[in-house]
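**Q** Taken in order, these protein sequences are the chains called A and B.
For the first sequence, the positions run 1 to 258 when my numbering is used.
For the second sequence, the positions run 259 to 590 when my numbering is used.
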Amino acid sequence: MRKAWALLGVYLAYMLEYRAELFLWALAGALPLILLGVWTEAARHGDFPLGPGEFARYFLMVFLVRQATVVWVVWEFERDVVEGRLSFRLLRPLDPFFDHLAAHVAERLARLPFVVLLTLLFFLLFPEARFQPEPLSFLLGLLLTALAFLLRYLMQYAVALLTFFSERATAVEEVFFLLYLFLSGTIAPLEVFPEPLRTLALLTPFPYLVYLPAALLAGQEVRLFPGLWVMLLWGVFFFLLWRLLWRLGLKHYAGHGA
Amino acid sequence: MRLEAVVLAQDLTKHFRVALKEESLLGTLRHFLFRQYRLVRAVEGVSFAIRRGEVVGFLGPNGAGKTTTLKMLTGLLHPTRGEALVAGHVPWRRERAFLRKITLVMGNKQQLIWDLPAMDTLRLNAAIYEVPEGEFRKRVGELAEMLGLEGRLHQPVRKLSLGERMKAELLAALLHRPEVLFLDEPTLGLDVNAQVAVREFVRAYNARYGATILLTSHYMADIAALCERVLVIHHGRLLYDGALEGLLARFAPYREVRLVLAKPLSREALKAFGEVREAEGREARLLVPREGLTERVALILKGLPVEDLEVKEPPLEEVIARVFQSPKEVEG
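The structure is reproduced here in structure tokens:
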């Protein structure tokens, strides 16, 4: 526990050194707010499963879920391996997985004020998005957001470990990101997907990273099962992949640049 | 009484596969489509044992295999072949108990968080290595005093001088009080004063805590000041393992005679008395074989207008350079 607090404390101090950048990073995640404008406008004139207010709420929650689940470990890890800085992390009796995880959690805390600010601004611009959340589904949504962050982190960490073998794991992540963008519900809620595509999407890990927590937070009616089982299975899969790639990767590590 | 071996390396070997690439566009295309590799034998069958509390110098030119050996001994690299035991652990298993007993300081790399005061990294390390709060304060106070770093630990690392940063690196690396220290070029790039300070600290640390130290350095003064024993590695193979004096006797079968003459003499005139290393004005430096040194000195005193004469060991740098220039000769 002391380890966790110390890690959080130091990384929070580190993140706060970059206040201006944090604001810009938070702003850079404003894609859902742009899409909100597009979809609410479309909903006013067309026939969609969600109304303008529902779209607005959904995309606001997508914005918040994405702010809470943003992960960049693959870039950090790749740089660590290429520049040889991983050696320092390997010398410590702490798995770098937890080291990076603490940095991510600390960044979340440091980013919070900016996210609150942007949300308030958003409510001002889109009054139709204001709503009274239903406590139970909202709490469940928060819990799922935390789980979505862990799954996203685990997925990207497993991809990051490919750096041991190719030194450019970020290329793999870019492909993953494309799938993430389309299948996670970031561009459009799954309700507007054609049926076969929606069924297929729900078998991948991506909708559980954004759509499910966002829909719950927005108070939409969603079926939790079997989705949660699928999410759990992907979690187990990426956990095992992490452990396997870690074991193989360390044997492969050449420690260049250090 | 035979002291316990803390670092053991047996036939330690590391080969790397390195991709080859020719210049030009064609070479780049070929590299992309049919990548070819070359096997680099970074370390080849290295064996040695270091006893508890010893300070051993690890010498070799760039690319000789020093750092690769250190990386295997610290568990960063898996060897291609061979065994190692450090503080009772196989390093590349990376057991927590092992990681708590060792440290690696790399002069060209830093673990301190650049934008924060060193104290933050120290706190982080204390938590990771589970050093209790009271003990943490005591150790930081003690080490900061030994390193002359008091008052500097609350400044952002980027504001420290290179020497102070290296000292802070040492502090961070030693906070968990490791038994075995692997120091890879700890004085790299430091000015003479900072070099001396780091050297003195390493000596004091070894004396106070009985730590075992394996040190690589390009500065012979570091090795000469700290190590009674040296390992010499070249082309991945161990060429020498023994006392520093033994290294001079084996690889430098000559001594240096420094002369101050009554009048300047040409190199030609000095040649008959030894290998002329330097002849500038009235001063000269000759290399003379150890065997028959007395006779040769008598000859110099008789044949040259000597005002002052001094017999010394040749500079360590020169000896080492000779070793690395003619590896085959010394290997045999």
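Note that beta-carbon positions come from the ideal geometry of N, C-alpha and C, so glycine has one too.
Should Ile371 of chain B be flagged as near chain A, meaning a C-beta pair shorter than 8 Å?
**A** For Ile371 of chain B, the answer is yes, since a Cβ of chain A falls inside 8 Å of its Cβ.
**Q** Determine, using beta carbons only, whether Trp39 of chain A and Phe59 of chain A come nearer to each other than 8 Å.
**A** A Cβ-Cβ contact shorter than 8 Å links Trp39 of chain A with Phe59 of chain A.
**Q** Might you give, ordered along the chain, the residues of its own chain that have their beta carbon closer than 7 Å to the beta carbon of Val74 of chain A, omitting 5 neighbours on each side?
**A** Hits under 7 Å: Gln156, Val159, Ala160, Ala169, Thr170, Glu173.
**Q** Is the shortest distance between the beta-carbon of Ala260 of chain A and the beta-carbons of chain B less than 8 Å?
**A** Here chain A comprises residues numbered 1 to 258, so residue 260 of chain A is not present and cannot be evaluated.
**Q** Give the residues of chain A in contact with His336 of chain B, contact being defined as C-beta atoms less than 9 Å apart.
**A** Leu250, Lys251, His252, Tyr253
**Q** Skipping 5 residues on each side, what residues in its chain have a beta carbon closer than 7 Å to that of Glu107 of chain A?
**A** Met15
**Q** CB Leu151 of chain A to CB Met231 of chain A, shorter than 8 Å?
**A** It is a contact, given that the beta carbons lie within the stated cut-off.
**Q** I need the straight-line Cα distance from Val588 of chain B to Ala542 of chain B, nearest angstrom please.
**A** With a pLDDT of 42 at Val588 of chain B, under the threshold of 50, the predicted position of this residue should be treated as unreliable, though the coordinate-derived value follows. Each residue's Cα considered, the two are about 28 Å apart.
**Q** Alpha carbon to alpha carbon, how far is Phe114 of chain A from Asp47 of chain A? Give it in angstroms, no decimals.
**A** 35 Å
**Q** Which full runs of the alpha helix (DSSP H) of 4+ residues lie inside the stretch 75 to 111 of chain A, going along the chain?
**A** 86 to 91
**Q** By the DSSP assignment, the beta strand (DSSP E) with Leu147 of chain A in it spans what residues?
**A** First-last for Leu147 of chain A: 135 to 160, but that is the alpha helix (DSSP H), not the beta strand (DSSP E).
**Q** So the candidates are B:Arg423, B:Leu291, B:Leu439; which of them puts its Cα closest to the Cα of Arg309 of chain B?
**A** B:Leu439
**Q** For Gln413 of chain B, collect the residues of the same chain with a Cβ closer than 7 Å to its Cβ; drop the 5 residues on either side in sequence, then sort them by chain order.
**A** Pro375
**Q** In this structure, how does DSSP classify His289 of chain B when only helix, strand and coil are distinguished?
**A** helix
**Q** Quick check on this structure: which residue in A:Leu178, A:Phe176, A:Pro207, A:Leu181 has the alpha carbon closest to the alpha carbon of Leu190 of chain A?
**A** A:Pro207
**Q** Grouping DSSP H, G and I as helix and E and B as strand, with all else coil, what is Glu391 of chain B?
**A** helix
**Q** Run through the stretch 316 to 403 of chain B for me and flag every whole beta strand (DSSP E) of 3 or more residues, listed as ranges in chain order.
**A** 339 to 344, 360 to 364
**Q** Measuring only between beta-carbons, confirm whether Glu589 of chain B sits less than 8 Å from chain A.
**A** In this prediction, Glu589 of chain B scores a pLDDT of 39, lower than 50, which makes its location untrustworthy; no coordinate-derived value is stated.
**Q** Taking just the CA atoms, how far does Met404 of chain B sit from Lys425 of chain B?
**A** Straight across, the Cα-Cα distance linking Lys425 of chain B with Met404 of chain B is about 10 Å.
**Q** Tell me whether Tyr591 of chain B sits in a helix, a strand or coil according to DSSP, three-state version.
**A** This structure leaves residue 591 of chain B out entirely; chain B is present only between 259 and 590.
**Q** Decide if Pro49 of chain A is buried, meaning its Cβ has at least 16 other Cβ atoms within 10 Å, or exposed.
**A** exposed
**Q** Val210 of chain A to Gly406 of chain B, Cα distance in whole Å?
**A** 53 Å
**Q** Step through the CB atoms of chain A and report whether any lies within less than 8 Å of the CB of Lys367 of chain B.
**A** yes
**Q** By DSSP's criteria, Ala501 of chain B is part of a beta bridge. Which residues make up the other side?
**A** B:Arg487
**Q** Please state if the CB of Phe122 of chain A and the CB of Ala129 of chain A are separated by a distance shorter than 8 Å.
**A** yes
**Q** State the CB to CB distance for the pair Arg275 of chain B and Leu297 of chain B, rounded to an integer number of angstroms; the pair is presumed to be in contact (CB under 8 Å).
**A** 6 Å
**Q** Is it the case that the Cβ atoms of Gly255 of chain A and Leu335 of chain B are separated by a distance below 8 Å?
**A** yes
**Q** Just reading off the beta strand (DSSP E) that Val222 of chain A is part of, what are its end residues?
**A** Run containing Val222 of chain A: none; DSSP gives neither H nor E here.
**Q** For the stretch 309 to 328 of chain B, list every residue whose C-beta sits within 7 Å of some C-beta in chain A, in sequence order.
**A** none
**Q** For Gly9 of chain A, does the three-state DSSP call read helix, strand or coil?
**A** helix
**Q** Do Ile386 of chain B and Leu94 of chain A count as a contact pair if the criterion is CB distance below 8 Å?
**A** Yes, the pair counts as a contact, with Cβ atoms nearer than the cut-off.
**Q** Please confirm if Phe88 of chain A has its CB atom under 8 Å from at least one CB of chain B.
**A** yes
**Q** Please identify, using Cβ separations under 9 Å, the residues of the stretch 6 to 23 of chain A that lie next to chain B, in order along the chain.
**A** Ala6, Leu7, Gly9, Val10, Tyr11, Ala13, Tyr14, Glu17, Tyr18
**Q** Leaving out the 5 sequence neighbours to the left and right, which residues in its chain are closer than 7 Å to Ile371 of chain B when beta-carbon positions are compared?
**A** By the criterion of a C-beta distance shorter than 7 Å, Ile371 of chain B is surrounded in its chain by Asp378, Thr379, Val415, once the five residues flanking it on both sides are discounted.
**Q** Given Lys586 of chain B, which residues of its chain have a CB within under 8 Å of its CB, disregarding the five upstream and five downstream residues?
**A** Because Lys586 of chain B sits at a pLDDT of 47, beneath the cut-off of 50, its placement in the model cannot be relied upon, and the following sentence gives the value as read from the coordinates. Excluding positions up to five away in sequence, the list is empty.
**Q** Alpha carbon to alpha carbon, how far is Gly323 of chain B from Ala300 of chain B?
**A** 5 Å
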